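Written out below as structure tokens is the structure these notes cover.
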Amino acid sequence: MIYLVFSVNFRMICFFLTILLLFGPIGCLNFGPVSLKSERSKYNMAIQKTNDEQLLLNLVRLKYRDTPFFLEVSNVASQFRMKNKVSAAAQLESMVKDIFNLGASSSFEESPTVSYTPLQGDKFVKNIMSTLPLKTITLLFQSGWSVERVFRVCFQMLGQLENAPGASGPTPKLAPQYKEFLQSVKYLQELDDRDALRIIYQEPNGQPQMLLQVSDDAKTSKPALEFARSINSIPSIKQYILTHFPTPDQVQHFPVIMNRGKELRIVPRSLLGMLFYLSQSIDIPKRDLLKGKVTLTKTAKGEDFDWFEVTGELLTIRSSDEKPLRATVRVFYRDTWFYIDDSDLNSKSTFSLLTQIYSLQSGSIKSTEPILTIGVGSR
Numbered sequence: 506m507i508y509l510v511f512s513v514n515f516r517m518i519c520f521f522l523t524i525l526l527l528f529g530p531i532g533c534l535n536f537g538p539v540s541l542k543s544e545r546s547k548y549n550m551a552i553q554k555t556n557d558e559q560l561l562l563n564l565v566r567l568k569y570r571d572t573p574f575f576l577e578v579s580n581v582a583s584q585f586r587m588k589n590k591v592s593a594a595a596q597l598e599s600m601v602k603d604i605f606n607l608g609a610s611s612s613f614e615e616s617p618t619v620s621y622t623p624l625q626g627d628k629f630v631k632n633i634m635s636t637l638p639l640k641t642i643t644l645l646f647q648s649g650w651s652v653e654r655v656f657r658v659c660f661q662m663l664g665q666l667e668n669a670p671g672a673s674g675p676t677p678k679l680a681p682q683y684k685e686f687l688q689s690v691k692y693l694q695e696l697d698d699r700d701a702l703r704i705i706y707q708e709p710n711g712q713p714q715m716l717l718q719v720s721d722d723a724k725t726s727k728p729a730l731e732f733a734r735s736i737n738s739i740p741s742i743k744q745y746i747l748t749h750f751p752t753p754d755q756v757q758h759f760p761v762i763m764n765r766g767k768e769l770r771i772v773p774r775s776l777l778g779m780l781f782y783l784s785q786s787i788d789i790p791k792r793d794l795l796k797g798k799v800t801l802t803k804t805a806k807g808e809d810f811d812w813f814e815v816t817g818e819l820l821t822i823r824s825s826d827e828k829p830l831r832a833t834v835r836v837f838y839r840d841t842w843f844y845i846d847d848s849d850l851n852s853k854s855t856f857s858l859l860t861q862i863y864s865l866q867s868g869s870i871k872s873t874e875p876i877l878t879i880g881v882g883s884r
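Residue numbers for the sequence shown, in the numbering used here: 506 to 884.
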């Protein structure tokens, strides 16, 4: 017969086991808030990063005349599980006093699940192909975006001045008209820098209008006079009315005073038009240019046109064979890295403006039912 000699107190063992069983669940009670604090920022940054990458990817696709596609994160769920382990072992050694070994361990496991919703259907297509409402554009001004940046991105025509309207679609073969428009909006930016310009939205008789109001003490200033001259308007005008050209059934209710120079026809771009327009800012690798993978724009003299003259001050999307280290956003497409340099503040601002416009146009029509759900895995 074998006798086991226990040199430890059974009451002490029971005490330790009881402590583990009682306080283990208490640790789980604090697990939720701790995990929320540690993981929320990570998910936030990951979603923001992939949203930027998707937008950049679609800009590159449009430059190559590939089909754009938008996939939104509709839901993120994460399950946390805590595992507790208690162990006890006995050694059958006659000359050892402490023959019991007690152990405890705890670990947790996270299983995130991401649901995606493709943005498609007639309503979404209509929203991205419809011109941006003047009310929305006015909201951009009032939220702090510069006059020059918003005008250049959102408008393709001001009166008779063209802002590369052909660039609102696939890359045109002929060089666009744009110089007079760019100079004209620079005068408006000068007025805004002096705090001498107000932009107001109104709807008289249901007709959307955007008012440009010049302060009394600035209406005879050089930028105000130069702006009036650039659009063939009467000098020293205090207010300009920007509006869509009226349809025939609206003419009788519409104050047509364009011949006085106070009212200007304005043609906004659609969201898709803005994406096409800003895709002209991409630096395409020479090998793709030589292979004819993108359209080469020519001047009237048959020379290569540099789109940097149109979009260079707004946005520059660079390309590289090597993975860029100083990029605020980057994507790998067609064996090339496309990216925005982290120190290019102008490009970062324009890209941020584009993300806001995208959210305004697509945010209200996102489906609440996920189409694709993927388990990301556990860690």
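All residues carry an ideal CB built from backbone N, CA and C; glycine is no exception.
Computed from a prediction, not measured in an experiment: that's the story for all the values here.
C-beta contact flag for residue i and residue j at 8 Å
| i | j | result |
| --- | --- | --- |
| Q785 | T860 | no |
| M662 | V772 | yes |
| V690 | E653 | yes |
| L696 | A729 | yes |
| Y838 | V630 | no |
| F810 | A723 | no |
| S854 | I845 | no |
| L819 | R657 | yes |
Cα-Cα separation, residue i to residue j
| i | j | result |
| --- | --- | --- |
| G649 | V655 | 10 Å |
| G817 | N668 | 14 Å |
| E808 | I552 | 43 Å |
| F646 | Q694 | 12 Å |
| A701 | I742 | 13 Å |
| I705 | M715 | 6 Å |
| P709 | T748 | 11 Å |
| Y569 | Q559 | 15 Å |
| Q744 | Q718 | 4 Å |
| P740 | L858 | 33 Å |
| R770 | A832 | 39 Å |
| F856 | K727 | 32 Å |
| K554 | V834 | 7 Å |
| F781 | R699 | 33 Å |
| D847 | Q712 | 42 Å |
| Y863 | N556 | 11 Å |
| T725 | L865 | 37 Å |
| L562 | K806 | 33 Å |
| D826 | R792 | 11 Å |
| K628 | K796 | 37 Å |
| Q682 | F813 | 14 Å |
| L830 | Q707 | 47 Å |
| L639 | R545 | 36 Å |
| L624 | M550 | 21 Å |
| D721 | S651 | 22 Å |
| L794 | I746 | 43 Å |
| S867 | N632 | 7 Å |
Residue i - partner residues in DSSP beta bridges
| i | result |
| --- | --- |
| V836 | F843 |
| T821 | Bridge partners of T821: none, in fact. |
| E667 | M662 |
| I742 | In the DSSP output, where bridge partners are listed per residue, I742 has none listed. |
| N580 | S620 |
| L717 | I704 and Y745 |
| T636 | S775 |
| R570 | In DSSP, R570 forms no bridge with anything. |
| L564 | According to DSSP, L564 bridges with nothing at all. |
| L679 | K803 |
Close beta carbons around residue i, own chain, < 6 Å, minus the five adjacent residues each side
| i | result |
| --- | --- |
| T841 | P790 and S824 |
| G778 | S673 |
| L666 | E685, F686 and S689 |
Same chain, Cβ closer than 7 Å to residue i, five either side skipped, listed in chain order
| i | result |
| --- | --- |
| K678 | T800, T802 and K803 |
| M634 | S775 and L777 |
| D849 | T821 |
| L527 | Below a pLDDT of 50, predicted positions are generally treated as unreliable, and L527, at 48, falls in that range; no measurement from the model is reported. |
| L567 | P573, L780, F781 and S784 |
| Q688 | S735 |
| I531 | The predicted model places I531 with a pLDDT of 48, which falls under 50 and marks its position as unreliable; any figure quoted below should be read in that light. Hits under 7 Å: none found. |
| G664 | I736, L769 and R770 |
| K798 | Y569 |
| D571 | none |
| K828 | W842 |
| G671 | P677 and P681 |
| G626 | none |
Beta-carbon contacts of residue i that lie in its chain and below 8 Å, excluding the five residues immediately before and after
| i | result |
| --- | --- |
| Y692 | P728, A729, E731, F732 and S735 |
| C659 | L637, I642, L645, P773, R774, M779 and I862 |
| V581 | Y548, I552, P617, T618, V619 and S620 |
| I787 | L564, V565, K568, I822, S824 and F843 |
| V836 | E558, L561, L562, V565, W842, F843 and Y844 |
8 Å Cβ cutoff, residue i in contact with chain B
| i | result |
| --- | --- |
| L696 | Of the protein chains in this structure there is only one, and it is not chain B. |
Heavy atom of the ligand ADP within 7 Å of residue i beta-carbon
| i | result |
| --- | --- |
| T636 | The ligand ADP is absent from the structure shown, which contains no ligand whatsoever. |
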